[in-house]
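Everything below concerns the one structure shown next.
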Amino acid sequence: MVVCHCKINSIMRSFSLLQEAIVPYIPTLIGQLTHKLLLVSKNPSKPHFNHYLFESLCLSIRITCKANPATVGSFEEALFPVFTEILQNDVQEFVPYVFQVMSLLLEIHTSSIPNSYMALFPHLLQPVLWERTGNIPPLVRLLQAYLEKGAATIASSAADKIPGLLGVFQKLIASKANDHQGFYLMNSIIEHMPTESIVQYRKQIFILLFQRLQSSKTTKFIKSFMVFINLYGVKYGAIALQEIFDSIQPKMFGMVLEKIVIPEVQKVSGPVEKKICAVGITKILTECPAMMDTEYTKLWTPLLQALIGLFELPEDDSIPDDEHFIDIEDTPGYQTAFSQLAFAGKKEHDPIGEAVNNPKLLLAQSLHKLSTACPGRVPSMLSTSLNAEALQYLQGYLQAASVQLV
Numbered sequence: 001m002v003v004c005h006c007k008i009n010s011i012m013r014s015f016s017l018l019q020e021a022i023v024p025y026i027p028t029l030i031g032q033l034t035h036k037l038l039l040v041s042k043n044p045s046k047p048h049f050n051h052y053l054f055e056s057l058c059l060s061i062r063i064t065c066k067a068n069p070a071t072v073g074s075f076e077e078a079l080f081p082v083f084t085e086i087l088q089n090d091v092q093e094f095v096p097y098v099f100q101v102m103s104l105l106l107e108i109h110t111s112s113i114p115n116s117y118m119a120l121f122p123h124l125l126q127p128v129l130w131e132r133t134g135n136i137p138p139l140v141r142l143l144q145a146y147l148e149k150g151a152a153t154i155a156s157s158a159a160d161k162i163p164g165l166l167g168v169f170q171k172l173i174a175s176k177a178n179d180h181q182g183f184y185l186m187n188s189i190i191e192h193m194p195t196e197s198i199v200q201y202r203k204q205i206f207i208l209l210f211q212r213l214q215s216s217k218t219t220k221f222i223k224s225f226m227v228f229i230n231l232y233g234v235k236y237g238a239i240a241l242q243e244i245f246d247s248i249q250p251k252m253f254g255m256v257l258e259k260i261v262i263p264e265v266q267k268v269s270g271p272v273e274k275k276i277c278a279v280g281i282t283k284i285l286t287e288c289p290a291m292m293d294t295e296y297t298k299l300w301t302p303l304l305q306a307l308i309g310l311f312e313l314p315e316d317d318s319i320p321d322d323e324h325f326i327d328i329e330d331t332p333g334y335q336t337a338f339s340q341l342a343f344a345g346k347k348e349h350d351p352i353g354e355a356v357n358n359p360k361l362l363l364a365q366s367l368h369k370l371s372t373a374c375p376g377r378v379p380s381m382l383s384t385s386l387n388a389e390a391l392q393y394l395q396g397y398l399q400a401a402s403v404q405l406v
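This note's numbering puts the first residue of the sequence shown at 1, with every later residue one more than the last.
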């Protein structure tokens, strides 16, 4: 079978329509597609054809591995030699596609990360790869897959590469265009890396974020920052979050709550992002003694009111006038654009998962537990400071959770 340029789109459509029915023919088809990929990589002059060729590869991977996940190794065996050649020859038009297909393959693995991926890991951190804007989204996703599947391996056998990983984060968050990608990477580091492997870097991570806040505070950055600090609180605890802020500068935790979290949390968008913020703020309210026993206590009720607003009020999607045009950054020369492969799409990931299904009930249960530890204080703070509408919503959460405040 010879795969002609004019037929690649129809082959992809046939894959999509036939699904599992084509599984027996996939090995033959992959051989032909891989051969064609090697040929066109020498002269990638037909962008639409190239795109559909990679889409066909992704679709065949999805169909086959859905039926039998163990076949992912066969795809890697067929594709990695071609991918290696593309990367070594720096075929710029194909490199972002290669990273997307590799991400798809790695995400399918259910056990530890294969050695073939670990051998490539140091090369993914090379600064030259990150200079090209088209590489950034697929590279970040690929590194996230590495962290999800191989964090323990990275910590044990590639610990010397962790500074390089943090260097990528530092480069990305310095950019208005790519700072959200930096947060995607850091959130995966916080979620998956063993605590002891990054403890020495934590303070520097926060210092970098504060430097960016001081130099260039945008709505997009603030939203990502709030998700990050709340994920940090969920992972390491509210006390650890308060302590790391105050270790950078005394009373900084209160400043962040007062100047950023309370006034801006309404701007957080996306169900997973809102859930992370809700669980993180609940922990700050109910598991951080400093919120009850220091000058931070004055922020307790405003923070609770902001959380109830996150649950009940419409999202604040306003953007300041001066942010409608993000700076076009210096990208000298020709830059290959990023083209998302539809069939390499990634499912949205919830780092909290089934541990919390209903954040409103978690808030009610956590407030109940706090009130039993210090009887009378929580109802007193609510009655003197929380507005009537928010109090009514909160009473609804308490009733739904079948708990009371004492």
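The beta-carbon is built from N, C-alpha and C at its ideal position, and this holds for glycine as well.
- Closest by C-alpha distance to Arg132, when choosing among Glu323, Phe338, Gln392: By 1-based counting over the sequence shown, the position of residue 132 is 132. Nearest to Arg132 by C-alpha distance, out of Glu323, Phe338, Gln392, is Phe338.
- Answer with buried or exposed for Ser224, where buried requires no fewer than 16 other C-beta atoms within 10 angstroms of its C-beta. Residue 224 sits at position 224 when you count from the first residue of the sequence shown. With a 10 Å radius around the Cβ and a threshold of 16 neighbouring Cβ atoms, Ser224 comes out buried.
- Query: Which value, in whole angstroms, describes the spacing of the CA atoms of Arg141 and Gln100?
  - Reply: Here residue 141 refers to the residue found at position 141 of the sequence shown. Here residue 100 refers to the residue found at position 100 of the sequence shown. Cα to Cα, the separation comes out at about 8 Å.
- Message: Can you tell me whether Arg132 is helix, strand or coil according to DSSP?
- Response: As a working mapping, residue 132 is identified with position 132 in the sequence shown. Correct three-state label for Arg132: coil.
- Task: Measuring alpha carbon to alpha carbon, tell me which of Leu143, Lys283, Pro320 ends up nearest Trp130.
- Result: As a first step, residue 130 must be located in the sequence shown, where it is residue number 130. That would be Leu143, whose Cα lies nearest to the Cα of Trp130.
- Contact between the stretch 90-107 and the stretch 296-309 (3+ Cβ pairs under 8 Å): The stretch 296-309 and the stretch 90-107 do not touch, with fewer than three beta-carbon pairs separated by less than 8 Å.
- Would you call the stretch 281-291 and the stretch 232-246 in contact, with 3 or more CB pairs under 8 Å? With a cut-off of 8 Å, the stretch 232-246 and the stretch 281-291 count as touching, because enough Cβ pairs lie within range.
- Message: For Phe114 and Pro24, I'd like the C-alpha separation in whole angstroms.
- Response: One-based indexing of the sequence shown puts residue 114 at position 114. One-based indexing of the sequence shown puts residue 24 at position 24. The identity of residue 114 in the sequence shown is Pro, whereas the question assumes Phe. Rounded to whole angstroms, Pro114 and Pro24 show a C-alpha spacing of 26 Å.
- Item | Cβ pair count under 8 Å reaching 3, the stretch 370-379 against the stretch 82-97 | These segments do not touch.
- Query: Of all the alpha helix (DSSP H) runs that stay within the bounds of the stretch 329-388, which reach a length of 4 or more residues?
  - Reply: Within the stretch 329-388, complete alpha helix (DSSP H) segments of at least 4 residues are found at 359-373, 377-385, given in chain order.
- Message: Quick check on Ile319: buried or exposed, where buried means 16 or more other Cβ atoms within 10 Å of its Cβ?
- Response: Here residue 319 refers to the residue found at position 319 when the sequence shown is read from its first residue. Here Ile319 is exposed: its Cβ has fewer than 16 other Cβ atoms, across all protein chains shown, within 10 Å.
- Task: Would you mind stating whether Ala364 and Val403 have Cβ atoms separated by less than 7 Å?
- Result: As a first step, residue 364 is located in the sequence shown; it is residue number 364 there, counting from the start. As a first step, residue 403 is located in the sequence shown; it is residue number 403 there, counting from the start. In this structure, Val403 lies closer than 7 Å to Ala364 by Cβ.
- Determine the DSSP secondary structure at Phe221, reduced to helix, strand or coil. Residue numbering aside, residue 221 sits at position 221 when the sequence shown is read from its first letter. Helix, per DSSP.
- Does the pairing of the stretch 266-279 with the stretch 359-373 give three or more beta-carbon distances under 8 Å? Cβ pair count under 8 Å is three or more, so yes.
- Going by CA-CA distance only, name the one from Leu257, Leu106, His192 that's closest to Leu139. To locate residue 139, count along the sequence shown from 1; it is residue 139. Cα-wise, what sits closest to Leu139 is Leu106.
- Task: At 4 residues or longer, and completely inside the stretch 83-150: list those alpha helix (DSSP H) runs for me, N to C.
- Result: Within the stretch 83-150, the complete alpha helix (DSSP H) runs of at least 4 residues are 95-108, 115-124, 127-130.
- Straight-line gap, Ile134 to Gln340 (C-alpha atoms, nearest Å): The residue given as residue 134 occupies position 134 in the sequence shown. The residue given as residue 340 occupies position 340 in the sequence shown. Just to set this straight, residue 134 is Gly in the shown sequence, not Ile. If I take the Cα positions, the gap works out to 10 Å.
- Task: Return yes when the Cβ of Ala306 is within less than 7 Å of the Cβ of His352, no when it is not.
- Result: Within the sequence shown, numbered from 1, the residue matching residue 352 stands at position 352. Within the sequence shown, numbered from 1, the residue matching residue 306 stands at position 306. What sits at residue 352 in the sequence shown is Ile, not His. No.
- C-alpha gap between Gln266 and Gln126, whole angstroms: Working through the sequence shown from its first residue, we reach residue 266 at position 266. Working through the sequence shown from its first residue, we reach residue 126 at position 126. A straight line joining the alpha-carbon of Gln266 with that of Gln126 spans about 38 Å.
- Whose C-alpha, out of Asn187, Glu295, Glu264, Ile173, is nearest the C-alpha of Gly233? Your numbering for residue 233 matches position 233 in the sequence shown. Answer by Cα proximity: Asn187.
- Message: Buried or exposed for Gln38, going by 16 or more other Cβ atoms inside 10 Å?
- Response: Residue mapping note: residue 38 aligns to position 38 of the sequence shown, counting from 1. It should be pointed out that residue 38 corresponds to Leu in this sequence rather than to Gln. Looking at its Cβ environment, which holds fewer than 16 other Cβ atoms inside 10 Å, Leu38 is exposed.
- Message: Since Ser45 and Glu76 should fall inside the 8 Å C-beta cutoff, what is the C-beta to C-beta distance between them, to a whole number of angstroms?
- Response: Within the sequence shown, numbered from 1, the residue matching residue 45 stands at position 45. Within the sequence shown, numbered from 1, the residue matching residue 76 stands at position 76. A Cβ-Cβ distance of about 28 Å is found for the pair Ser45 and Glu76, leaving them out of contact under the 8 Å criterion.
- Cβ shell of Thr34 (< 7 Å), same chain only, five flanking positions each side left out: Within the sequence shown, the letter at position 34 stands for residue 34. Take Thr34, set aside five residues on each side of it, and the residues of its chain with a beta-carbon closer than 7 Å to its own are Ala78, Leu79, Val82, in chain order.
- Query: Does DSSP classify Pro289 as helix, strand or coil?
  - Reply: Locating residue 289 in the sequence shown gives position 289, counting from the first residue. Correct three-state label for Pro289: coil.
- Query: Going straight from the alpha carbon of Glu287 to that of Glu243, what length do you get?
  - Reply: As a first step, residue 287 is located in the sequence shown; it is residue number 287 there, counting from the start. As a first step, residue 243 is located in the sequence shown; it is residue number 243 there, counting from the start. Cα to Cα, Glu287 sits roughly 13 Å from Glu243.
- Message: Less than 7 Å between the C-beta atoms of His109 and Lys161, yes or no?
- Response: Residue 109 sits at position 109 when you count from the first residue of the sequence shown. Residue 161 sits at position 161 when you count from the first residue of the sequence shown. Not in contact: His109 and Lys161 (Cβ atoms no closer than 7 Å).
- Message: Are the CB atoms of Val272 and Met226 within a distance shorter than 7 Å?
- Response: Counting from 1 along the sequence shown, the entry for residue 226 is found at position 226. Counting from 1 along the sequence shown, the entry for residue 272 is found at position 272. Not a contact, by the Cβ cut-off of 7 Å.
- In terms of residue numbering, what span does the alpha helix (DSSP H) encompassing Asp246 cover? Start at 1 with the first residue of the sequence shown, and residue 246 comes out as number 246. Counting along the chain, the alpha helix (DSSP H) containing Asp246 begins and ends at 238-248.
- Within 7 Å, strictly: CB atoms of Ile86 and Ser41: Walking along the sequence shown from the start, residue 86 turns up at place 86. Walking along the sequence shown from the start, residue 41 turns up at place 41. Yes, the pair counts as a contact, with Cβ atoms nearer than the cut-off.
- Residue nearest to Ser216 in terms of C-alpha spacing, selected from Pro250, His349, Ala177: Numbered from its first residue, the sequence shown carries residue 216 at position 216. Of the candidates Pro250, His349, Ala177, the one whose C-alpha sits nearest the C-alpha of Ser216 is Ala177.
- Query: With Ala145 and Phe121 assumed to form a contact (beta carbons below 8 Å), what rounded beta-carbon distance in angstroms separates them?
  - Reply: Position 145 of the sequence shown, counted from the first residue, corresponds to residue 145. Position 121 of the sequence shown, counted from the first residue, corresponds to residue 121. Contact check for Ala145 and Phe121: beta-carbon distance about 11 Å, past the 8 Å limit, so the pair fails to qualify.
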